[in-house]
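The structure appears right after this line, and notes come after that.
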Amino acid sequence: MQNIVICPIEHQDIPAVVDIQINEWKTAYKEIIADDFLASMNREERIAKREKDFSEKDFIVATIGDELVGFSRYTDHPDQIRGFSGIDCELCALYVKPEQKYHGIGTKLVQSMMNQFQKKKRQILVVDCMMK
Numbered sequence: 785m786q787n788i789v790i791c792p793i794e795h796q797d798i799p800a801v802v803d804i805q806i807n808e809w810k811t812a813y814k815e816i817i818a819d820d821f822l823a824s825m826n827r828e829e830r831i832a833k834r835e836k837d838f839s840e841k842d843f844i845v846a847t848i849g850d851e852l853v854g855f856s857r858y859t860d861h862p863d864q865i866r867g868f869s870g871i872d873c874e875l876c877a878l879y880v881k882p883e884q885k886y887h888g889i890g891t892k893l894v895q896s897m898m899n900q901f902q903k904k905k906r907q908i909l910v911v912d913c914m915m916k
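My numbering numbers the first residue of the sequence shown as 785 and each following residue consecutively.
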């Protein structure tokens, strides 16, 4: 396994991030989210949305060589965490390409995020996820 590099997202990473997200949604959320919605996910619309809210802050990517293989988005701004009191940080998204899973990429993304939270003295993390 080559070296996994974790770094802030760059604008040119957006299409690869969107591709990973769409592919993972179609797999992970099958039978949880309506098939019509999953089939209608539009790459160009998702890229435009991601470009609109683009920020290098709180968004990291994992690369192996020149290939983007995963990403994580998080926040440590309590005002952005809806529905929870006392929570000071949140894991918003964590995705790894299916063929790259179980190689420590997700672990490295989470470790990097946790290091940022610890530097800012954040203590209570919430992970919001969908369930069947």
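Where is the CB? At the ideal position from N, CA and C, for every residue including glycine.
Original post:
With a CB to CB cut of under 6 Å and the five nearest residues on each side skipped, what residues in its chain are close to Lys903?
Top reply: none
Subject >> Residues near Leu875 in its chain [Cβ-Cβ closer than 6 Å; skip 5 each side] >> reply: Tyr858, Val911
**OP:** My understanding is that Ile908 touches Gly870, with C-beta atoms under 8 Å, so please give their C-beta distance in whole angstroms.
**Re:** 6 Å
**OP:** Kindly list the residues whose CB is nearer than 6 Å to the CB of Phe855, restricted to its own chain and excluding five residues on each side of it in sequence; keep chain order.
**Re:** Val801, Val845, Tyr879
Subject >> Which listed residue (Phe843, Thr811, Lys833, Ala818) has its alpha carbon closest to that of Ile793 >> reply: Phe843
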